[in-house]
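K.L.:
2 protein chains.
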Amino acid sequence: MSDARASRLAVSTVIFALRTDDDGLATLWTPLVRRTRDPHLGQWALPGGWLPSDEELEAAAARTLRSTTGLAPKYLEQLYTFGGVDRSPGDRVISVVYWALVQSDEAERAAVGENVQWFAADDLPALAFDHNAIIGYALWRLRTKMEYARIAHAFLGETFTLAQLREVYEAVLQKPLDPANFRRTIESTGTVAATGERLAGTPHRPPMLYRYDVATNLTDGTFTTRIPPGKPDPIKPHPRMRT
Amino acid sequence: MSDARASRLAVSTVIFALRTDDDGLATLWTPLVRRTRDPHLGQWALPGGWLPSDEELEAAAARTLRSTTGLAPKYLEQLYTFGGVDRSPGDRVISVVYWALVQSDEAERAAVGENVQWFAADDLPALAFDHNAIIGYALWRLRTKMEYARIAHAFLGETFTLAQLREVYEAVLQKPLDPANFRRTIESTGTVAATGERLAGTPHRPPMLYRYDVATNLTDGTFTTRIPPGKPDPIKPHPRMRT
Numbered sequence: 098m099s100d101a102r103a104s105r106l107a108v109s110t111v112i113f114a115l116r117t118d119d120d121g122l123a124t125l126w127t128p129l130v131r132r133t134r135d136p137h138l139g140q141w142a143l144p145g146g147w148l149p150s151d152e153e154l155e156a157a158a159a160r161t162l163r164s165t166t167g168l169a170p171k172y173l174e175q176l177y178t179f180g181g182v183d184r185s186p187g188d189r190v191i192s193v194v195y196w197a198l199v200q201s202d203e204a205e206r207a208a209v210g211e212n213v214q215w216f217a218a219d220d221l222p223a224l225a226f227d228h229n230a231i232i233g234y235a236l237w238r239l240r241t242k243m244e245y246a247r248i249a250h251a252f253l254g255e256t257f258t259l260a261q262l263r264e265v266y267e268a269v270l271q272k273p274l275d276p277a278n279f280r281r282t283i284e285s286t287g288t289v290a291a292t293g294e295r296l297a298g299t300p301h302r303p304p305m306l307y308r309y310d311v312a313t314n315l316t317d318g319t320f321t322t323r324i325p326p327g328k329p330d331p332i333k334p335h336p337r338m339r340t
Numbered sequence: 098m099s100d101a102r103a104s105r106l107a108v109s110t111v112i113f114a115l116r117t118d119d120d121g122l123a124t125l126w127t128p129l130v131r132r133t134r135d136p137h138l139g140q141w142a143l144p145g146g147w148l149p150s151d152e153e154l155e156a157a158a159a160r161t162l163r164s165t166t167g168l169a170p171k172y173l174e175q176l177y178t179f180g181g182v183d184r185s186p187g188d189r190v191i192s193v194v195y196w197a198l199v200q201s202d203e204a205e206r207a208a209v210g211e212n213v214q215w216f217a218a219d220d221l222p223a224l225a226f227d228h229n230a231i232i233g234y235a236l237w238r239l240r241t242k243m244e245y246a247r248i249a250h251a252f253l254g255e256t257f258t259l260a261q262l263r264e265v266y267e268a269v270l271q272k273p274l275d276p277a278n279f280r281r282t283i284e285s286t287g288t289v290a291a292t293g294e295r296l297a298g299t300p301h302r303p304p305m306l307y308r309y310d311v312a313t314n315l316t317d318g319t320f321t322t323r324i325p326p327g328k329p330d331p332i333k334p335h336p337r338m339r340t
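Same order as they appear, the protein sequences are chains A and B. The first sequence begins at 98 in the working numbering and counts up one residue at a time. The second sequence begins at 98 in the working numbering and counts up one residue at a time.
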């Protein structure tokens with residue numbers, strides 16, 4: 098195999114925030130940066146840049162994100178590495194892609210300008226490189242992960258009502274959810290706990306505020322939550338374990 | 098930031114297979130390759146190699162895997178990219194790590210020799226570079242993913258008994274599972290379907306054979322499986338969707 102072409106490393110980040118429109122419907126939005134050089138001069142692209150050899154991957158993602166959009170998200174996680182041989186002209190570019198979820202109020206404070214704009218994540222123009230496919234993958238992961246992990250938390254404050262939590266699910270999954278079913282499902286997972294406080298500023302029957310139960314693992318799967326505790330005893334060493 | 102140090106790209110693969118010991122207990126095993134050059138000469142390491150600039154990431158993972166262990170797994174997926182600045186002396190090495198799950202019979206046919214050996218995944222010696230941490234992360238991902246995805250399928254043939262499926266879960270999660278609870282949980286997810294056939298070669302009450310329901314998504318989460326179909330109707334366009 099010939100190695101004549103150089104391979105270069107880049108780091109990019111997909112950012113999602115919820116934005117509520119005039120009808121009160123929340124939608125996923127993502128900030129993009131206009132390219133100021135070739136290739137794809139003038140097209141919109143993910144925030145990112147080359148990886149300096151002395152900078153950690155996540156630090157590079159956070160830095161390029163901050164310098165383009167002004168955002169410093171709490172939730173920043175590696176998503177996937179895109180390295181298709183033909184995804185860029187010239188040198189081969191391998192992009193380690195991170196993703197970030199930001200709360201609406203933080204998103205509203207983010208930088209916008211001629212070269213930074215927010216777009217509806219499900220209604221994007223043709224982007225530079227394979228960035229449409231990358232955002233499509235990030236949306237798929239977000240929608241999948243919403244179904245088993247407490248990732249919705251990243252879009253919410255410390256406390257929230259079940260209606261607010263349901264709105265996050267509805268916006269991400271793009272479908273209405275039956276409120277009573279939603280309440281039952283959430284309560285059966287045991288991942289949120291009532292705080293005992295109620296939403297301020299709502300005169301009649303103010304809704305209960307909830308928070309995520311910090312004792313819960315990030316992934317709240319079938320087998321850890323459904324098997325009755327102590328039967329069989331998970332503390333008892335399994336014969337397979339060396340003690 | 099100085100860019101004096103070069104960055105190089107490598108691809109490595111973590112492979113897991115189940116092996117049953119003399120007591121009939123299944124455990125996770127992983128093949129490792131002895132390093133034949135510095136750094137870490139003589140230490141065990143993940144199968145892998147440098148990424149040629151004209152080879153796709155997954156193809157490079159499959160090729161290095163095949164050339165060292167002779168394995169060609171059905172399940173090969175990108176796991177994570179490890180790029181810590183100090184994970185290797187000399188040039189900085191960014192490793193795109195894949196993981197593969199193989200069935201026991203395939204694992205038994207795999208190459209072994211002076212420089213390739215299988216180890217119990219939870220009882221490894223000190224490996225080269227950060228490979229202990231990488232395998233630890235892969236184990237965590239496998240255990241987490243077992244709880245919401247049909248990943249156990251990768252360790253099984255086309256059809257299997259519920260006892261065989263439970264053995265996979267017990268081996269991966271390293272804890273005994275109550276057979277009746279396990280059956281109820283699996284049946285409630287709707288991810289496996291009885292074939293109508295029974296296990297051959299078992300004279301008394303041969304157990305039913307099951308297969309994974311191909312209509313099920315790879316990720317079988319709470320919200321797609323539990324909300325009663327048609328209420329609310331997922332086909333009906335949501336006001337949020339542009340039609």
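The C-beta atom is built at its ideal place from N, Cα and C for all residues, glycine as well. The structure presented is a predicted model; accordingly, all values stated were derived computationally and were not measured.
So, does the CB of V193(B) fall closer than 8 angstroms to a CB anywhere in chain A?
P.N.:
Sequence index remark: in the second sequence, residue 193(B) carries index 96 (1-based). Chain A contact via Cβ: present.
K.L.:
Please name the residues in the region 140–153 of chain A whose beta-carbon is closer than 8 angstroms to at least one beta-carbon of chain B, in chain order.
P.N.:
L148, P149, S150, D151, E152, E153
K.L.:
DSSP state of P128(A), grouped into three classes?
P.N.:
Along the first sequence, one-based indexing puts residue 128(A) at 31. Reduced to three states, the DSSP call for P128(A) is strand.
K.L.:
Hey, is S104(A)'s beta-carbon within less than 8 angstroms of any beta-carbon in chain B?
P.N.:
Numbered from its first residue, the first sequence carries residue 104(A) at position 7. True, the Cβ-Cβ gap to chain B drops below 8 angstroms.
K.L.:
Mind checking the region 160–193 of chain A against chain B and listing, in chain order, the residues whose C-beta falls within less than 7 angstroms of any C-beta there?
P.N.:
Q175, Y177, T178, G180, G181, V182, R189, I191, V193
K.L.:
Is there contact between the region 175–193 of chain B and the region 209–216 of chain A, where contact requires at least three CB pairs shorter than 8 angstroms?
P.N.:
No, they do not touch.
K.L.:
By DSSP, does G187(B) sit in helix, in strand, or in coil?
P.N.:
Along the second sequence, read from residue 1 onward, the residue named residue 187(B) stands at position 90. G187(B): coil per DSSP, three-state reduction.
K.L.:
Can you give the Cα-Cα distance for R189(A) and E153(A), rounded to whole angstroms?
P.N.:
The residue labelled residue 189(A) in the question sits at position 92 within the first sequence. The residue labelled residue 153(A) in the question sits at position 56 within the first sequence. Each residue's alpha carbon lies about 21 angstroms from the other.
K.L.:
For a cutoff of 8 angstroms on Cβ pairs, would you count Y245(B) as touching chain A?
P.N.:
The residue given as residue 245(B) occupies position 148 in the second sequence. It does; some Cβ of chain A falls within 8 angstroms.
K.L.:
Specify the secondary structure class of A230(A) as computed by DSSP and reduced to three states.
P.N.:
Within the first sequence, the letter at position 133 stands for residue 230(A). Reduced to three states, the DSSP call for A230(A) is helix.
K.L.:
Hey, which unbroken runs of the alpha helix (DSSP H) at 4 residues or more fall wholly within the region 234–296 of chain B?
P.N.:
259–270, 276–286
K.L.:
Compute the beta-carbon to beta-carbon distance between L274(A) and R281(A), rounded to the nearest angstrom, for a pair I have assumed lies under 8 angstroms.
P.N.:
Taking the first sequence and counting its residues from 1, one reaches residue 274(A) at position 177. Taking the first sequence and counting its residues from 1, one reaches residue 281(A) at position 184. Their Cβ separation, rounded to whole angstroms, is 11 angstroms, which puts L274(A) and R281(A) out of contact at 8 angstroms.
K.L.:
When DSSP labels each residue in this structure, what does L122(A) get in the three-state scheme?
P.N.:
Position 25 of the first sequence, counted from the start, is the residue given in the question as residue 122(A). The answer is coil: DSSP assigns L122(A) none of H, G, I, E or B.
K.L.:
Taking the alpha-carbon positions, what's the G167(B) to G180(A) distance?
P.N.:
Along the second sequence, one-based indexing puts residue 167(B) at 70. Along the first sequence, one-based indexing puts residue 180(A) at 83. When rounded, the distance between both Cα atoms is 25 angstroms.
K.L.:
Exposed or buried, E284(A), counting other C-beta atoms within 10 Å across all chains shown (16 or more means buried)?
P.N.:
On the first sequence, position 187 is the one that residue 284(A) refers to. When all chains shown are included, E284(A) counts as exposed.
K.L.:
Roughly how far, in whole angstroms, is the beta-carbon of L129(A) from the beta-carbon of L224(A), given that I think they are within contact range, below 8 angstroms?
P.N.:
In the first sequence, the residue the question calls residue 129(A) occupies position 32. In the first sequence, the residue the question calls residue 224(A) occupies position 127. At roughly 7 angstroms, the Cβ-Cβ gap stays under 8 angstroms, so L129(A) and L224(A) are in contact.
K.L.:
If I measure Cβ to Cβ from L221(B) and keep anything under 7 angstroms in the same chain, skipping five residues before and after, which residues do I get?
P.N.:
Along the second sequence, one-based indexing puts residue 221(B) at 124. If we look at L221(B) and ignore the five residues flanking it on each side, its Cβ neighbours are N229, I232.
K.L.:
Leaving aside the five residues before and after V193(B) along the sequence, list all residues of the same chain whose C-beta is less than 6 angstroms from its C-beta, in chain order.
P.N.:
Position 96 of the second sequence, counting from 1, holds the residue named residue 193(B). Counting only Cβ-Cβ distances below 6 angstroms, and skipping sequence neighbours, we find V108, L154, T178.
K.L.:
If I follow the unbroken beta strand (DSSP E) through R134(B), where does it start and stop?
P.N.:
Against the second sequence, residue 134(B) aligns to sequence position 37. No beta strand (DSSP E) contains R134(B), which DSSP labels as neither H nor E.
K.L.:
Cα separation between H137(B) and M305(B)?
P.N.:
Position 40 of the second sequence, counted from the first residue, corresponds to residue 137(B). Position 208 of the second sequence, counted from the first residue, corresponds to residue 305(B). Computed Cα separation, rounded: 50 angstroms.
K.L.:
Under the rule that 16 or more other beta-carbon atoms within 10 Å means buried, what is P149(B), buried or exposed?
P.N.:
Mapped onto the second sequence, residue 149(B) falls at position 52. Buried, since its Cβ has 16 or more Cβ neighbours within 10 Å.
K.L.:
Can you give the beta carbon distance from D219(B) to L122(B), rounded, assuming they're within the 8 angstroms contact cut?
P.N.:
Your numbering for residue 219(B) matches position 122 in the second sequence. Your numbering for residue 122(B) matches position 25 in the second sequence. With a Cβ gap of about 13 angstroms, D219(B) and L122(B) do not count as contacting.
K.L.:
Per DSSP, what kind of secondary structure is R105(A) in: helix, strand or coil?
P.N.:
On the first sequence, residue 105(A) is found 8 positions in, with the first residue counted as 1. It is a strand residue.
K.L.:
In terms of alpha-carbon separation, which member of W215(B), W196(B), A197(B) lies closest to E205(B)?
P.N.:
Along the second sequence, one-based indexing puts residue 205(B) at 108. Looking at the Cα atoms, W215(B) is the closest of the given residues.
K.L.:
If you follow the alpha helix (DSSP H) that R46(A) is in, where does it begin and where does it stop?
P.N.:
This structure leaves residue 46(A) out entirely; chain A is present only between 98 and 340.
K.L.:
In terms of residues, what are the limits of the beta strand (DSSP E) holding A225(A)?
P.N.:
On the first sequence, residue 225(A) is found 128 positions in, with the first residue counted as 1. Run containing A225(A): none; DSSP gives neither H nor E here.
K.L.:
Give the secondary structure of S192(A) by DSSP, where H, G and I count as helix, E and B as strand, and everything else as coil.
P.N.:
Here residue 192(A) is taken as the residue at index 95 of the first sequence, counted from 1. Of the three classes helix, strand and coil, the one that applies to S192(A) here is strand, per DSSP.
K.L.:
For I191(A), collect the residues of the same chain with a Cβ closer than 8 angstroms to its Cβ; drop the 5 residues on either side in sequence, then sort them by chain order.
P.N.:
As a working mapping, residue 191(A) is identified with position 94 in the first sequence. Excluding sequence neighbours, I191(A) sits near S104, R105, L106, A107, T178, F179, G180.
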